[in-house]
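Here's the structure we're looking at; comments come further down.
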Amino acid sequence: MCVPEHAPIMTELRQTADGSYIPRNILVTGGAGFIGSHVVRYLLRHHPTYRVIVLDKLDYCASLFNLEELEGNPSFKFIKGDILSGDLLIYILATENIDTILHFAAQTHVDNSFGNSLAFTMNNICGTHVLLEAARTYGLVRRLINVSTDEVYGETSVGLAQGLPESSPMAPTNPYAAAKAGAELMALAYHVSYGLPIIVTRGNNVYGPGQFPEKLVPKFLMLAQRDEALPIYGDGLARRSYLYVEDVAEAYAVLLHRGRLGEVYNIGSQVERSVLDVAADVLRIAGRKGEEVVHVRDRPFNDRRYYINDRKLADLGWSERTGWEAGLEKTRQWYSEHGGTHWDANAVRLALTAHPTSPPASPVLRLDAFSAFLAT
Numbered sequence: 000m001c002v003p004e005h006a007p008i009m010t011e012l013r014q015t016a017d018g019s020y021i022p023r024n025i026l027v028t029g030g031a032g033f034i035g036s037h038v039v040r041y042l043l044r045h046h047p048t049y050r051v052i053v054l055d056k057l058d059y060c061a062s063l064f065n066l067e068e069l070e071g072n073p074s075f076k077f078i079k080g081d082i083l084s085g086d087l088l089i090y091i092l093a094t095e096n097i098d099t100i101l102h103f104a105a106q107t108h109v110d111n112s113f114g115n116s117l118a119f120t121m122n123n124i125c126g127t128h129v130l131l132e133a134a135r136t137y138g139l140v141r142r143l144i145n146v147s148t149d150e151v152y153g154e155t156s157v158g159l160a161q162g163l164p165e166s167s168p169m170a171p172t173n174p175y176a177a178a179k180a181g182a183e184l185m186a187l188a189y190h191v192s193y194g195l196p197i198i199v200t201r202g203n204n205v206y207g208p209g210q211f212p213e214k215l216v217p218k219f220l221m222l223a224q225r226d227e228a229l230p231i232y233g234d235g236l237a238r239r240s241y242l243y244v245e246d247v248a249e250a251y252a253v254l255l256h257r258g259r260l261g262e263v264y265n266i267g268s269q270v271e272r273s274v275l276d277v278a279a280d281v282l283r284i285a286g287r288k289g290e291e292v293v294h295v296r297d298r299p300f301n302d303r304r305y306y307i308n309d310r311k312l313a314d315l316g317w318s319e320r321t322g323w324e325a326g327l328e329k330t331r332q333w334y335s336e337h338g339g340t341h342w343d344a345n346a347v348r349l350a351l352t353a354h355p356t357s358p359p360a361s362p363v364l365r366l367d368a369f370s371a372f373l374a375t
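If you read the sequence shown in the working numbering, its first letter stands for residue 0, the second for the next number, and so on.
In structure tokens, the structure reads:
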């Protein structure tokens, strides 16, 4: 990356008197992925005067089908590229007059991180660092939302009645969560050291239309539609909170306009379900019998619970709108119509196995390749 000897320090943070922020030109990294594409479509539906530029390398879990409704929209532009390219990032920031960044680009599947952890360090930590340095060098970004995860908190006690607030210490237990923790710490350090206008989000499990079927909900839905047994990791009692993706898109819109710089915000649902609960619900709406599950070996380590408190985000005016039953049915309908054609068939077939190996588009990263990157 071509960095000037004296890169500009961010000093002016543009906000109106009431704390709201109005972006003009938004860069969304990973915008062809699941959550990113929903946020892009939400913003352009509700704020058609905004310009949105998506940067995505189109990894196995992304799809241009996620953005097809925006074809021909003069406020939308797609660029295929990698956030690890600092020169490309600076070029986009400068030529598109970017004032706002929503950073979704990442490796996100926990299972893959156990067998391909260096790729998570490369994409999630190094990729975020390259983006931050590009934004600092450019000097005109007024808001950068760094997307993290509730998994950075580590395992929540099963007996805890109140969700963890944002002030809770980070204690990640898997390579994915550790990489996300490193990325957000770097982002917050850039806020303190250089005045880069950072907001960090930590979200719980998201589900809905367009999610690659390596994740639990779409995987179970597609297997049920194919009359195949649902694989249950371990005893199936691990609990997660599930939030419908359109509600998450609205949360990002709220944070974009009203979030406070330098702050961390949890995005969550208070309704928890175990893996066995999810399997039972999927089998029920698919008209299948409850015994059609198979217990398989668990992850090397599987946190029993993540439970977060989202009161801070609620104070900005956001609330969950879509209940689990309604969201699951909407998701089932989408996969019934589109699940077989949205992604590469071989990638889907691999994702639906009980313990997928590394996806075909994401070869295992070796130490020599990682060292070569660090030397550039």
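Ideal Cβ placement from N, Cα and C applies to all residues, glycine included.
Tell whether a beta-carbon distance below 8 Å holds between ARG257 and SER19. yes
GLU68: buried (16+ other C-beta within 10 angstroms of its C-beta) or exposed? exposed
What is the rounded straight-line gap between the Cα of PRO355 and the Cα of VAL253? 36 Å
Less than 8 Å separating the beta-carbons of VAL295 and PRO230? yes
Go through its chain and collect everything with a Cβ distance to ILE97's Cβ below 8 Å, but skip five positions before and after it. ASN24, ILE25, LEU26, ILE52, ILE91, TYR137, LEU139 and VAL140
Among all the DSSP beta bridges, which residues are the ones paired with LYS76? ILE52
Taking Cβ positions only, does PRO196 come closer than 8 Å to chain D? Looking at the structure shown, chain D is missing, and only one protein chain is on hand.
Can at least three beta-carbon pairs, one atom from the segment 173-181 and one from the segment 207-227, be found at a separation below 8 Å? no
Spatial distance of GLU336 from ALA223 (CA atoms): 14 Å
My parser needs the alpha helix (DSSP H) runs of 4 or more residues fully inside the segment 177-228; what are they? 215-224
Per DSSP, which one or two residues make a beta bridge with SER112? BP columns for SER112 are empty, so no partner.
Secondary structure at ARG239, three-state DSSP: helix, strand or coil? strand
As a quick exercise: from PRO164, ARG142 and LEU159, pick the residue whose alpha carbon is nearest that of VAL151. PRO164
Alpha carbon to alpha carbon, how far is GLY85 from ALA104? 14 Å
Hey, quick one: how far does the beta strand (DSSP E) through ASN265 stretch, first residue to last? 263-266
Along the chain, where does the beta strand (DSSP E) containing LEU101 start, and where does it finish? 99-102
Could you tell me whether the Cβ atoms of ARG142 and PRO22 are closer together than 8 Å? yes
If you draw a straight line from the alpha carbon of LEU242 to that of GLY267, how long is it in whole angstroms? 7 Å
Reducing DSSP to helix, strand and coil, say where HIS337 ends up. helix
What whole-angstrom Cβ distance do THR390 and GLY202 have, given they're in contact under 8 Å? Lying before the first or after the last residue shown, residue 390 is absent from the chain, which here runs from 0 to 375.
Is it the case that the Cβ atoms of TYR189 and ILE198 are separated by a distance below 8 Å? no
Only counting the same chain, and skipping five residues up and downstream in sequence, which positions put a Cβ closer than 8 Å to that of PRO3? Only weak support is given to the placement of PRO3: the predicted model assigns it a pLDDT of 38, under 50, and the value that follows is read from those uncertain coordinates. THR136.
Tell me whether ASP110 is buried or exposed, calling it buried when 16 or more other Cβ atoms sit within 10 Å of its Cβ. buried
Between which two residues does the beta strand (DSSP E) holding ASN65 run? Run containing ASN65: none; DSSP gives neither H nor E here.
Beta-carbon proximity check, VAL274 vs ALA250, cutoff 8 Å: no
Terminal residues of the beta strand (DSSP E) in which ARG272 lies: 271-273
In the DSSP assignment, the beta strand (DSSP E) including ARG296 goes from what residue to what residue? Counting along the chain, ARG296 falls outside any beta strand (DSSP E), and DSSP gives it neither H nor E.
By Cβ distance below 6 Å, which residues in the same chain neighbour GLY382 in space, the five residues on each side in sequence not counted? In the structure as shown, the chain begins at 0 and stops at 375. Residue 382 is therefore absent and cannot be evaluated.
Grab the span of the alpha helix (DSSP H) containing VAL39 for me, first residue to last. 33-45
First and last residue of the beta strand (DSSP E) that includes THR28? 24-28
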